[in-house]
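Worksheet for the structure shown next.
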Amino acid sequence: MPSYDQNNIFAKILRGELPCYKVYEDDKALAFLDIMPRAPGHMLVLPKAPARNILDVGAADLAHVMMVAQKVSKAAVKAFGADGITIQQFNEGAGGQVVFHLHIHVIPRKAGVPMKPPAAEKEKPDVLAEQAKKLAAAIAAG
Ligand code: 5GP
């Protein structure tokens with residue numbers, strides 16, 4: 071497996087070199103909105119520690135990221151009235167991974183509404199900003 075690339079786009083977001091629509095942050099994880107959402111409120115949850123994917127992440131970091139995925143999933147149900155949540159996580163190109171810093175997709179779903187294809191279209195910045203605000207407030211409310 072190739073080694074971790076410090077210049078991947080999510081590493082730059084984690085270092086604050088690129089912006090994101092943040093919904094949650096703690097000392098070990100960051101969650102923000104996917105800019106090409108497959109459904110409204112599509113989030114990505116990352117460990118702060120450098121890890122390419124499930125094959126090289128430390129067990130404690132992986133467990134923490136899943137705990138945060140649960141937290142933001144519950145917030146999506148509250149904030150968006152989601153009927154369900156789809157969790158996806160891809161590993162290496164052959165596994166469908168495009169950005170090589172481990173991330174869990176948390177996708178709020180409405181009954182009967184199919185997901186858009188991956189990277190179909192960029193969401194408008196004002197829509198993402200509003201959704202991030204709603205999700206962050208739902209998380210803060212617990
Ligand atoms: P994966 O590696 O899991 O296949 O997909 C990477 C995901 O990152 C895609 O869903 C894509 O829409 C998202 N993505 C790509 N570039 C950016 C970016 O610059 N910012 C954010 N927030 N998401 C991105």
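In our numbering, the protein residues as written are 71 to 212. Cβ atoms here follow ideal geometry from the backbone N, Cα and C, with glycine treated the same way.
task: Identify whether Phe102 lies in helix, strand or coil by the three-state DSSP scheme.
output: As a working mapping, residue 102 is identified with position 32 in the sequence shown. Here Phe102 sits in strand by DSSP.
- prompt: For Ala181, which residues from the same chain have a beta carbon less than 8 Å from its beta carbon, with the 5 sequence-adjacent residues on both sides left out?
  reply: Looking up residue 181 in the sequence shown gives position 111. If the five residues before and after Ala181 are omitted, its C-beta is found closer than 8 Å to the C-beta atoms of Asp153 and Gly154, all from its own chain and listed in chain order.
message: DSSP three-state label for Ile79, please.
response: Walking along the sequence shown from the start, residue 79 turns up at place 9. Three-state DSSP puts Ile79 in a helix.
query: Quick one: any contact between the region 136-144 and the region 163-171, if contact means 3 or more CB pairs under 8 Å?
result: Because the criterion of three Cβ pairs below 8 Å is not met, the region 136-144 and the region 163-171 do not touch.
- request: Confirm the yes/no value for this check: CB of Leu103, any heavy atom of the ligand 5GP, distance under 7 Å.
  value: The residue given as residue 103 occupies position 33 in the sequence shown. Yes, Cβ of Leu103 sits closer than 7 Å to a heavy atom of the ligand 5GP.
query: Do you know how far the Cα of Asp126 is from the Cα of Gln201?
result: As a working note, residue 201 is residue 131 in the sequence shown. As a working note, residue 126 is residue 56 in the sequence shown. Rounded to the nearest angstrom, the two C-alpha atoms are 32 Å apart.
- prompt: Candidates Ala189, Leu172 and Val183: which alpha carbon is nearest Pro120's?
  reply: Start at 1 with the first residue of the sequence shown, and residue 120 comes out as number 50. With respect to the C-alpha of Pro120, the residue from Ala189, Leu172 and Val183 having the closest C-alpha is Leu172.
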